[in-house]
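Participant: One structure coming up, written as structure tokens, with questions to follow.
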Amino acid sequence: MSKYDPLSGHLRRQRQGELELTFAEIERILGAMLPKSAARQQWWANTTDPYTSQVQRKAWGDAGFDAFLIAGKDRVRFKRVR
23 MSKYDPLSGH
33 LRRQRQGELE
43 LTFAEIERIL
53 GAMLPKSAAR
63 QQWWANTTDP
73 YTSQVQRKAW
83 GDAGFDAFLI
93 AGKDRVRFKR
103 VR
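For the sequence shown, the positions run 23 to 104 when the working numbering is used.
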């Protein structure tokens, strides 16, 4: 079980094709703080790198979403991809 499974479950329950969540909302869903690196665009990248572990990307990807950091706003837009 991943720390990010609650986010995946939350996204799976969404009916709309796009939604925005603040960092605070995501942290409430997770029951834990996001790492400081979540403030960087790369942390929310939707591409996979076979040389690093990317459990957070798997969470929204498995739920059928891509994630996009809204710079300077501590917000993330999730868009359904399938």
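Each residue gets a CB set at the ideal place from its N, CA and C atoms; glycine is no exception. Note that the coordinates shown come from a computational prediction; the quantities given were computed from them, not determined experimentally.
Which residues share a DSSP beta bridge with Val98?
Facilitator: Counting from 1 along the sequence shown, the entry for residue 98 is found at position 76. Beta-bridge pairing links Val98 to Leu43 and Leu91.
Participant: Excluding five sequence neighbours on each side, which residues of the same chain lie with their C-beta closer than 6 Å to the C-beta of Ala81?
Facilitator: Within the sequence shown, numbered from 1, the residue matching residue 81 stands at position 59. Cβ within range, chain order: Tyr26, Leu29 and Ser30.
Participant: If you run the structure through DSSP and keep just helix, strand and coil, what is Val77?
Facilitator: Sequence index remark: in the sequence shown, residue 77 carries index 55 (1-based). In the structure shown, Val77 sits in a helix (DSSP, three-state: H, G or I).
Participant: Beta carbon of Leu91, beta carbon of Ala61: below 9 Å?
Facilitator: In the sequence shown, residue 91 corresponds to position 69, counting from 1. In the sequence shown, residue 61 corresponds to position 39, counting from 1. Contact flag set, yes.
Participant: Let's test the definition: count the other Cβ atoms within 10 Å of the Cβ of Arg37 and tell me whether it reaches 16, buried, or not, exposed.
Facilitator: Walking along the sequence shown from the start, residue 37 turns up at place 15. Arg37 comes out exposed.
Participant: According to the Cβ coordinates, are Asn11 and Gly86 closer than 9 Å?
Facilitator: No answer is possible for residue 11: the residues shown for the chain start at 23 and end at 104.
Participant: My guess is that Ile48 and Val98 are in contact by the Cβ rule of under 8 Å, so how many angstroms apart are they, rounded?
Facilitator: As a position in the sequence shown, residue 48 is number 26, starting the count at 1. As a position in the sequence shown, residue 98 is number 76, starting the count at 1. Right, the Cβ-Cβ distance comes to about 7 Å (below 8 Å), so this counts as a contact.
Participant: So, for Ser59: in the same chain, excluding its five sequence neighbours on each side, which residues have a beta-carbon less than 6 Å away from its beta-carbon?
Facilitator: Position 37 of the sequence shown, counted from the start, is the residue given in the question as residue 59. Contacts found: Trp65.
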